[in-house]
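*Asks:* One structure coming up, written as structure tokens, with questions to follow.
In the numbering used here, the protein residues as written are 1 to 84.
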């Protein structure tokens with residue numbers, strides 16, 4: 001079965017700060033998934049990577065089996081709702 005979202009060794013660095021570092025992740029279609037962690041642990045950065053608001057420094061992201069790097073946010077079949 002093709003994953004809804006797949007991270008393969010995904011990293012996102014901001015200068016010397018490693019917001020996300022070599023993450024492997026598979027989320028199945030229809031699966032309920034929660035990402036928990038303290039402030040600054042990379043949760044929002046992962047969501048921004050999936051949405052296309054950020055590009056990975058290294059690794060690959062796939063959405064339903066299609067590579068997502070370089071695909072603009074409006075062409076991805078994902079939604080992001082931020083909370084305050």
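For every residue, glycine included, the Cβ atom is placed at its ideal position computed from N, Cα and C.
A quick note: this is a predicted structure, and the numbers were derived from the prediction, not measured.
What is the DSSP secondary structure of residue 25, counted as helix, strand or coil?
*Replies:* Three-state result, residue 25: strand.
*Asks:* List the DSSP bridge partners of residue 18.
*Replies:* For residue 18, which the question treats as bridged, DSSP gives the partners 13.
*Asks:* Taking the alpha-carbon positions, what's the residue 73 to residue 15 distance?
*Replies:* The straight-line gap from Cα to Cα measures roughly 23 Å.
*Asks:* Between the segment 3-11 and the segment 49-66, do at least 3 Cβ pairs fall closer than 8 Å?
*Replies:* Taking 8 Å as the limit for Cβ pairs, the verdict is that the segment 49-66 does touch the segment 3-11.
*Asks:* Kindly list the residues whose CB is nearer than 8 Å to the CB of residue 30, restricted to its own chain and excluding five residues on each side of it in sequence; keep chain order.
*Replies:* Within the same chain, residue 30 has close Cβ partners 4.
*Asks:* Please report the Cβ distance between residue 56 and residue 12, rounded to the nearest whole angstrom; I am assuming they are in contact, meaning their Cβ atoms lie under 8 Å.
*Replies:* That pair is a contact at about 6 Å.
*Asks:* What first and last residue would you give for the alpha helix (DSSP H) that runs through residue 4?
*Replies:* Neither: residue 4 is in no alpha helix (DSSP H) and is coded neither H nor E.
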